[in-house]
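Peer 1: Residue numbers for the sequence shown follow this note's numbering, so the first one is 27 and each next one is one higher.
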Amino acid sequence: MFANRRFAFLLFLLAGLTAAGIFRDSPLAHDAGGDEAPPAAPTLDQLASGRLPVVDLGWPLNDTSPYWPAENYLPFRLTTIATLEKNGVLSKAFYCPEHLGTHLDAPNHFEKNQPAVDQIDPAQLFARGVKIDVTMQADADADYRLTRADIDEWEKSHGRIPDGVVVLLETGWSRHWNNYPRYKNQDTTGKLHFPGYSAEAAKFLVVERKAKGLGIDTLSIDHGPSKDFVVHHIVNGAGRYGLENLARLDKLPAKGFFLVAAPIKIETGSGGPARVFAIVPGPAGRN
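1) Check each candidate in P251, L240, L278, A273 and name the one with the smallest Cα separation from I260.
2) Report the rounded CA-to-CA distance for N98 versus H184, giving the unit in angstroms.
3) Taking the beta strand (DSSP E) that A287 falls in, what are its first and last residues?
4) If I measure Cβ to Cβ from A168 and keep anything under 8 Å in the same chain, skipping five residues before and after, which residues do I get?
5) By DSSP's criteria, P242 is part of a beta bridge. Which residues make up the other side?
6) What span of residues does the alpha helix (DSSP H) with H259 cover, start to end?
7) Suppose only complete runs of 4+ residues qualify. What are the alpha helix (DSSP H) ranges in the stretch 82-145, listed by chain order?
8) For E270, which residues does DSSP report across the bridge?
9) According to DSSP, simplified to helix, strand and coil, what is K329?
10) Using the three-state DSSP reduction, which class does A164 fall into: helix, strand or coil?
11) With DSSP as the reference, please indicate the residues paired to V302 in a beta bridge.
12) E226 lies in the alpha helix (DSSP H); which residues open and close that run?
13) Would you be able to state if there are at least three C-beta pairs under 8 Å between the stretch 163-179 and the stretch 122-130?
14) Is it buried or exposed for N113, if we count other Cβ within 10 angstroms and need 16 for buried?
15) If the criterion is Cβ atoms closer than 8 Å, does the pair P296 and N134 meet it?
16) With a CB to CB cut of under 6 Å and the five nearest residues on each side skipped, what residues in its chain are close to G59?
17) Name the one or two DSSP bridge partners that R171 has.
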């Protein structure tokens, strides 16, 4: 039974990757300015065998997981409702806000008449990925926001960002994950301080580059001091999603990987905790 379920999952994964255009002859063949050979397309045999390098981009949920510091946003809680010793089975129950831990922001999170998390086309959750690294800028300025100039510089080095990718922003902020006060970086006035996207960069990525989603290794795709959450409005208003509190972005190359985002399917939900994986074919995945 479990073997059949595993095979069914692999078929679903293969179908999603195919729908995302990942199994075309040359996934990055149309990148302008990129001279290196495109990564070999993953096969079902590789997925089934475990030989394909996969990076887990999520954090485990527990009662120390950082959460949004606002009214009615409570920490993750896990309780045991049955034990092997007493009940012959181990079972637990959990409480978790939709936007806690590594999670997906659905398009309806900030905009009306946009899909809820259970209404997102599954094909949109499989995509090629690119990573933009602004760790140095964020080290110098905790409130740093990705600029259009940063994107232009990335494209000079790696070629044009292909249409329909998920863009991940590495800020280095994930190193503070296990220190909640440092991770939210809240000052005495209550203002948060951590990096994010600028409105200009977000609009360019979702409109000009048709990004399926934007991800980041902080609490929010908007930078910490934001009060209007303009980046959320831009992304959600375009029907796209956000991925927040990502982990291990330093393990990814700048391009040439495939992203799988699997949020919990809450009916009418504005998002949910998600497993997020990067499949990294070729030499980059063996580093």
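All residues carry an ideal CB built from backbone N, CA and C; glycine is no exception.
Peer 2: Inspection of the coordinates gives the following:
1) L240
2) 43 Å
3) For A287, the enclosing beta strand (DSSP E) starts and ends at 281-289.
4) N211, H219, F220, P221, G250
5) Rather than Pro, the amino acid found at residue 242 in this sequence is Ile. Paired residues: L195.
6) 256-263
7) 110-113
8) H129
9) An answer regarding residue 329 cannot be provided, because it is not within the stretch 27 to 313 covered by the chain.
10) Reduced to three states, the DSSP call for A164 is helix.
11) A287
12) 225-229
13) Output reads no: the stretch 163-179 does not touch the stretch 122-130.
14) exposed
15) At residue 296 the sequence reads Ser, which differs from the Pro that was named. Yes.
16) At G59, the pLDDT of 43 sits below 50, so the modelled position is not reliable and the matter cannot be decided from this model.
17) G222
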